[in-house]
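The numbering of the sequence shown is the numbering used here, which starts it at 7 and goes up by one. Glycine is no exception: its CB is placed at the ideal position from the N, C-alpha and C atoms. Below: the structure, in structure tokens.
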Amino acid sequence: MGLLAYLKTQFVLHLLIGFVFVVSGLVINFIQLCTLVLWPLNKQLYRRLNCRLAYSLWSREYRGAPLGVLLRWGPQEGELVMLLEWWSCTQCTLFADQATIDRLGKEHAVIILNHNFEIDFLCGWTMCERFGVLGSSKVLAKRELLCVPLIGWTWYFLEIVFCKRKWEEDRDTVIAGLRCLADYPEYMWFLLYCEGTRFTEKKHRVSMEVAASKGLPPLKHHLLPRTKGFTTAVQCLRGTVAAIYDVTLNFRGNKNPSLLGILYGKKYEADMCLRRFPLEEIPQDEKEAAQWLHKLYQEKDALQETYNQKGVFPGSRSNPPAGRGRS
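Pasting the structure below:
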């Protein structure tokens with residue numbers, strides 16, 4: 007084990023990372039609180055400022071920097087994506103046609119990502135950072151996360167849509183939150199975990215029992231997608247969002263990465279298969295849109311099976327560009 011690899015396993019450095027994240031996050035949250043006075047005066051300026059504040063917390067600026075730079079971190083640098091890319095040296099490879107890659111970060115989009123891994127959100131954020139939409143990325147999040155310091159508070163200022171996962175109670179709140187994003191001034195990616203929760207064998211068994219009761223084909227590598235959030239997002243963002251991007255994530259060597267492994271500097275190799283669907287292809291009828299989503303997950307399941315057998319996704323392989331950041 008080299009010196010750098012050894013240092014990454016030391017608890018004192020983990021404490022330092024946590025301390026820097028908490029302090030810088032609280033500073034950013036305070037600045038975000040101060041920007042609330044701009045909302046009634048200039049909503050778009052408020053949004054642009056908060057995009058950049060969030061970017062500074064989520065992003066990384068020290069890929070390839072010496073370890074001593076940790077001692078000079080400030081609120082403007084951010085840590086989360088840095089942990090994945092620089093600290094653990096995890097690499098993300100894209101499998102997509104060039105036309106799809108050329109559009110990434112240049113249009114509003116809904117991103118559908120499988121929820122099989124503990125760090126899949128970090129891989130998603132890495133792609134957001136690489137294509138310049140990290141600060142303006144959105145998600146349909148559990149309402150409990152609103153109470154989580156730093157992350158939940160930052161999301162509040164970013165107009166993240168929170169839900170209780172009880173559609174009767176969530177419907178009006180979710181629709182109102184989505185419609186507020188229609189005039190968002192920055193290119194925005196709205197991330198949806200349509201499965202609703204992370205994949206486990208127990209959840210999978212229950213989910214497939216539900217699928218059988220509804221006459222739906224079984225899925226081997228995914229849970230049955232929940233369609234309400236998807237169909238509502240498509241309806242509310244139609245005219246704003248240009249496309250749906252389906253992202254299927256897997257890790258080489260059948261590895262199951264963890265946040266603790268990332269913190270200890272363990273390197274993983276992530277592969278992401280991207281497919282773009284123009285929003286005009288998504289049916290406007292709610293039932294037909296739900297059927298479209300179920301078909302999409304059957305295709306995602308087939309992609310995962312291909313990956314498990316061949317160790318690679320179909321399509322052209324490319325590395326994501328260097329992060330565009332925020333100007």
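1) Return the chain-ordered list of same chain residues with a C-beta closer than 7 Å to the C-beta of P191, the five sequence neighbours on each side being excluded.
2) Which of the three DSSP states is assigned to S30 in this structure?
3) Less than 8 Å between the C-beta atoms of V216 and I288, yes or no?
4) So, is W298 buried or exposed, given that buried needs 16 or more other C-beta atoms within 10 angstroms?
5) Assign N314 to one of three DSSP states: helix, strand, or coil.
6) Can you say whether K144 is buried or exposed, counting buried as having 16 or more other CB atoms within 10 angstroms of its CB?
7) Which runs of the beta strand (DSSP E) spanning at least 3 residues fall entirely within the segment 79-142, listed in chain order?
8) Please go through the same chain and pick out, in chain order, the residues whose beta-carbon is closer than 7 Å to the beta-carbon of L59, but skip the five residues on each side of it.
9) Start and end of the beta strand (DSSP E) containing I250?
10) Would you check if the segment 225-237 and the segment 207-216 touch, i.e. whether three or more CB-CB distances between them fall below 8 Å?
11) Q271: buried (16+ other C-beta within 10 angstroms of its C-beta) or exposed?
12) Can you give the Cα-Cα distance for L63 and L32, rounded to whole angstroms?
13) Decide if C153 is buried, meaning its Cβ has at least 16 other Cβ atoms within 10 Å, or exposed.
14) By the 10 Å Cβ neighbour count, where 16 or more other Cβ atoms means buried, how is A249 classified, buried or exposed?
15) Can you give the Cα-Cα distance for L285 and Y12, rounded to whole angstroms?
16) Quick one: residues in its chain with C-beta nearer than 7 Å to the C-beta of H300, no 5 flanking neighbours on either side, listed in chain order?
17) According to DSSP, is C1 helix, strand or coil?
18) Where A295 and T237 are concerned, what is the direct C-alpha to C-alpha distance, given to the nearest angstrom?
19) How about the segment 196-211 and the segment 115-122: do they share at least three Cβ pairs that are nearer than 8 Å?
20) Buried or exposed: K306, going by 16 or more other Cβ atoms within 10 Å of its Cβ?
21) My output table needs one value for F205: the three-state DSSP class, helix, strand or coil.
22) Going by DSSP in three states, M278 sits in which element: helix, strand or coil?
23) With distances taken Cα to Cα, identify the nearest neighbour of V87 among D189, E135, N48 and I107.
24) Spell out the partners DSSP gives V145 in its beta bridges.
25) Are Y61 and K112 closer than 8 Å when you measure CB to CB?
26) Are the CB atoms of L90 and T132 within a distance shorter than 8 Å?
27) Among all the DSSP beta bridges, which residues are the ones paired with P284?
28) So what does DSSP say about R323, is it helix, strand or coil?
29) Short check: CB of T254 to CB of L309, under 8 Å?
30) To the nearest angstrom, how far is the alpha carbon of L110 from that of I268?
Concretely, from the data shown:
1) For P191, same chain residues with a beta-carbon under 7 Å away, outside a window of 5 residues either side, are Q50, R53 and R54 in chain order.
2) Secondary structure of S30 (DSSP, three-state): helix.
3) Result no, Cβ atoms of V216 and I288 do not sit closer than 8 Å.
4) Burial check for W298: the Cβ neighbour count within 10 Å reaches 16 or more, so the residue is buried.
5) Here N314 sits in helix by DSSP.
6) That one is buried.
7) Counting only runs of 3 or more, we get 97-101 and 115-119.
8) The residues are I34, I37 and Q38.
9) From DSSP, the beta strand (DSSP E) with I250 extends over A249 to F257.
10) The segment 207-216 makes contact with the segment 225-237: 3 or more CB pairs, one atom from each, lie closer than 8 Å.
11) In the sequence as presented, Gln is not what sits at residue 271; that position holds Gly. Residue burial annotation: G271 is buried, with at least 16 other C-beta atoms found within 10 angstroms of its C-beta.
12) Computed Cα separation, rounded: 10 Å.
13) Exposed.
14) Around the beta carbon of A249, 16 or more other beta carbons lie within 10 angstroms, which makes this residue buried.
15) Taking the straight line from one Cα to the other gives about 48 Å.
16) Answer for H300: L222 and P231, listed in chain order.
17) The structure shown does not extend to residue 1, since the chain is modelled only from 7 through 333, so no value can be given for it.
18) Going by the C-alpha atoms only, they are around 6 Å apart.
19) A contact exists between the segment 196-211 and the segment 115-122.
20) With 16 or more other Cβ atoms within 10 Å, it is buried.
21) Coil.
22) In the structure shown, M278 adopts extended strand secondary structure according to DSSP, grouped into three states.
23) In this structure, E135 is the residue among D189, E135, N48 and I107 with its C-alpha nearest to the C-alpha of V87.
24) L197, per the DSSP bridge assignment.
25) Not a contact, by the Cβ cut-off of 8 Å.
26) Result yes, Cβ atoms of T132 and L90 sit closer than 8 Å.
27) In the DSSP secondary-structure assignment, P284 is bridged to A249.
28) In this structure, R323 counts as strand in the three-state DSSP scheme.
29) Taking the C-beta atoms as reference points, L309 is found nearer than 8 Å to T254.
30) Between the C-alpha atoms of L110 and I268 there is a straight-line separation of about 26 Å.
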